[in-house]
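Input: a single structure, listed below in structure tokens.
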Amino acid sequence: MTQTRFSRMRMSITAAAVAVATGAAVLSAVTTAPASAAPAAGTSLAGKTVFLDPGHQGSAAGHNLSQQVVDGRGGKKDCQTTGATAVNGTPEHTINWEVAQLVKAGLESQGARVVLSRPDDTGWGGCVDERAAAASRSGAAIAVSLHADSTTTGTDATKKGFHMIVPTLPIPDATVNAVQSGEGRKASTVMRDAFVRAGFPTANYAGVVDGIQTRPDIAAVNLTKVPAVFIEMGNLSNPADAAALTGKDGQLKYSMAITEGIVNYAKGAAAASTTPSPQNLGAAPAPEATPQAGDGELSAVLPFVQKLLGTSDPAEIGQLLLTDGQDASAQVLNAMLVVLYGLFDGKLPIG
Ligand SMILES: [Zn+2]
């Protein structure tokens, strides 16, 4: 979109966000509310820590990427890699960083403490084993690594879609094996389901089955002692995937899916530690820890967000808020609005 349209949209959506946050349901408030009011925080992740690892780094900053570190399988591997580059020229590390910032905003709006593996997208971010150790130390309920794949240095129009990488079992370290074979697998499945509900296609390459790929060589998972999810969001060699992963509305959609996956996993983990609900007894064995989409989940507002992003007309936005917006629960809407703030103001309102 043009810069003019983008600016207009930003103003409209900021105003709309304030209107929702303050409960205003009249069109005059949509166009005149001050842009400084921030949405109230939710509590669905209160007391939880989430570790986010935007893959790779802005620069090696004098570090040796091929320094050999432990791989969690009794061998060694390179400390780091530079990551992929999208067909449109955007480096993977920047995509990972930008999506992570949106996810961080959404999680913090729900009361989570978010620990990042690296402080910025310009400097160094640590070897893979150091990041795994940081994730374990953080005591996170879940650690999520964000990556985007590449299938060729050129353009690949046929291979597309997302996948979660899970470790080949067993993992030599008994603690890691117990965590990743149980909660890690569960969290990866919940995240896969969130991506599917958000409308992202599962990868059609690399032996991916239903959005899951099993591999032995991901140190981030082999060494992490909290439940780990390793996401390949899409294929940067594919023009459509690359456009979605580098565009603002596409990044919003990815961040909403990831935030939803984390919230759903945390909710499922909490439910699993209490008495199972009657409707879960005798349910199909497959995704028993996977909550169904409902009013309180981000997927419920994704179509609404897409509609908001699709218009710059304040009257139309006002109408959307009076109709579709009424279906969204307050906490979910607040999470969405904080994400929108971060996206359209070009900076994060919190953290
Ligand atoms: Zn990567």
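With mature numbering (1 follows the signal peptide of the UniProt record, and there is no 0) applied, the sequence shown corresponds to residues -37 to -1, 1 to 314, in that order.
For glycine and all other residues, C-beta sits at the position ideal for the given N, C-alpha and C.
Being a predicted model, the structure only gives us computed values, none of them experimental.
> So the alpha helix (DSSP H) F158 belongs to, where does it begin and stop?
Replying inline: To locate residue 158, count along the sequence shown from 1; it is residue 195. Its alpha helix (DSSP H) spans residues 148 to 160.
>> Using a strict less-than 5 Å threshold between each residue's beta carbon and the heavy atoms of ligand 1, what residues do you get?
In response: G18, G46, H110
> Per DSSP, G193 is paired with what?
Replying inline: Taking the sequence shown and counting its residues from 1, one reaches residue 193 at position 230. Rather than Gly, the amino acid found at residue 193 in this sequence is Phe. For F193, which the question treats as bridged, DSSP gives the partners S108, I128.
>> Excluding the 5 residues flanking K188 on each side, which residues of the same chain have their C-beta closer than 7 Å to its C-beta?
In response: Working through the sequence shown from its first residue, we reach residue 188 at position 225. S99, T138, V139, V142, listed in sequence order.
>> Taking the alpha-carbon of K123 as reference, which of V171, T48, T45 has the nearest alpha-carbon?
In response: Indexing the sequence shown from 1 puts residue 123 at position 160. Taking only the C-alpha atoms, the option nearest K123 is V171.
> Are K11 and A229 close, meaning C-beta to C-beta below 8 Å?
Replying inline: One-based indexing of the sequence shown puts residue 11 at position 48. One-based indexing of the sequence shown puts residue 229 at position 266. Yes. Within cutoff.
>> To the nearest angstrom, how far is the alpha carbon of P82 from that of G117?
In response: Looking up residue 82 in the sequence shown gives position 119. Looking up residue 117 in the sequence shown gives position 154. Taking the CA atoms as reference points, P82 sits about 31 Å from G117.
>> On the DSSP letters alone, give me the boundaries of the alpha helix (DSSP H) that Q64 sits inside.
In response: Sequence index remark: in the sequence shown, residue 64 carries index 101 (1-based). Element bounds for Q64: 55 to 72.
> Going by DSSP, which residues form a beta bridge with P17?
Replying inline: Start at 1 with the first residue of the sequence shown, and residue 17 comes out as number 54. L109.
> What is the rounded straight-line gap between the Cα of F163 and the Cα of G89?
Replying inline: If you number the sequence shown from 1, residue 163 lands on position 200. If you number the sequence shown from 1, residue 89 lands on position 126. Approximately 30 Å between the Cα atoms of the pair.
>> Can you confirm whether the segment 67 to 76 touches the segment 22 to 31 when touching is taken to mean that 3 or more C-beta pairs between the two stretches lie within less than 8 Å?
In response: no
> How far does the beta strand (DSSP E) with T44 in it reach, from first residue to last?
Replying inline: Looking up residue 44 in the sequence shown gives position 81. It is not in any beta strand (DSSP E) - T44 carries neither H nor E in the DSSP assignment.
> Who does L79 pair with in a DSSP beta bridge?
Replying inline: Taking the sequence shown and counting its residues from 1, the one referred to as residue 79 is at position 116. In the DSSP output, where bridge partners are listed per residue, L79 has L15.
> Quick one: Cα of A47 to Cα of A205, how far?
Replying inline: The residue given as residue 47 occupies position 84 in the sequence shown. The residue given as residue 205 occupies position 242 in the sequence shown. Near 11 Å, if we compare the C-alpha coordinates of A205 and A47.
>> P133 and R36 - do their beta-carbons sit closer together than 8 Å?
In response: Mapped onto the sequence shown, residue 36 falls at position 73. Mapped onto the sequence shown, residue 133 falls at position 170. R36 is not a Cβ neighbour of P133, given a cutoff of 8 Å.
>> If the criterion is Cβ atoms closer than 8 Å, does the pair A183 and S108 meet it?
In response: The residue given as residue 183 occupies position 220 in the sequence shown. The residue given as residue 108 occupies position 145 in the sequence shown. Judged by beta-carbon spacing, S108 lies within the 8 Å limit of A183, meaning their Cβ atoms are closer than that value.
> Which first and last residues belong to the alpha helix (DSSP H) in which V142 is found?
Replying inline: What you label residue 142 is simply residue 179 of the sequence shown in a count that begins at 1. Unbroken alpha helix (DSSP H) run through V142: 137 to 142.
>> Give me, in chain order, the residues of the same chain whose beta-carbon lies closer than 8 Å to that of P250; leave out the 5 immediate sequence neighbours on both sides.
In response: Working through the sequence shown from its first residue, we reach residue 250 at position 287. Note that P250 has pLDDT 37, beneath the 50 cutoff, so the model's placement of it is unreliable and no number is given.
> Given that a residue counts as buried once 16 or more other Cβ atoms are within 10 Å of its Cβ, and exposed if not, what is A111?
Replying inline: In the sequence shown, counting from the first residue as 1, residue 111 sits at position 148. So A111 counts as buried.
> How would you label A97, buried or exposed, when you count the other beta carbons within 10 angstroms and need 16 or more for buried?
Replying inline: In the sequence shown, the residue the question calls residue 97 occupies position 134. A97 comes out buried.
> For D258, does the three-state DSSP call read helix, strand or coil?
Replying inline: Mapped onto the sequence shown, residue 258 falls at position 295. The predicted model places D258 with a pLDDT of 34, which falls under 50 and marks its position as unreliable; any figure quoted below should be read in that light. D258: coil per DSSP, three-state reduction.
> Where do the N-terminal and C-terminal ends of the beta strand (DSSP E) with V33 fall, by residue?
Replying inline: Locating residue 33 in the sequence shown gives position 70, where the first residue counts as 1. It spans 31 to 33 - the beta strand (DSSP E) in which V33 sits, taken as one unbroken run.
> Would DSSP call R100 helix, strand or coil?
Replying inline: What you label residue 100 is simply residue 137 of the sequence shown in a count that begins at 1. Of the three classes helix, strand and coil, the one that applies to R100 here is helix, per DSSP.
>> On the CB-based measure, 16 or more other CB atoms within 10 Å of its CB, does T177 come out buried or exposed?
In response: For this step, residue 177 is matched to residue 214 along the sequence shown. Exposed, because fewer than 16 other Cβ atoms sit within 10 Å of the Cβ of T177.
> What is the residue span of the alpha helix (DSSP H) that T209 lies within?
Replying inline: Residue 209 sits at position 246 when you count from the first residue of the sequence shown. Counting along the chain, the alpha helix (DSSP H) containing T209 begins and ends at 202 to 209.
> Should D173 be labelled buried (16 or more other beta-carbon atoms within 10 Å of its own) or exposed?
Replying inline: For the purposes of this step, residue 173 is taken as residue 210 along the sequence shown, with counting starting at 1. By the 10 Å Cβ count, D173 comes out exposed.
> What number of angstroms, rounded off, separates the C-alpha of T44 from the C-alpha of F125?
Replying inline: Taking the sequence shown and counting its residues from 1, the one referred to as residue 44 is at position 81. Taking the sequence shown and counting its residues from 1, the one referred to as residue 125 is at position 162. Here the alpha carbon of T44 sits roughly 20 Å from the alpha carbon of F125.
>> Only counting the same chain, and skipping five residues up and downstream in sequence, which positions put a Cβ closer than 6 Å to that of A103?
In response: Taking the sequence shown and counting its residues from 1, one reaches residue 103 at position 140. These residues qualify, in order along the chain: T12, V13, F14, V189.
> Ordered along the chain, which non-local residues of its own chain (more than five positions away) have a Cβ less than 7 Å from that of T209?
Replying inline: Looking up residue 209 in the sequence shown gives position 246. Taken in chain order, the residues that qualify are A49, N51, T53, I58.
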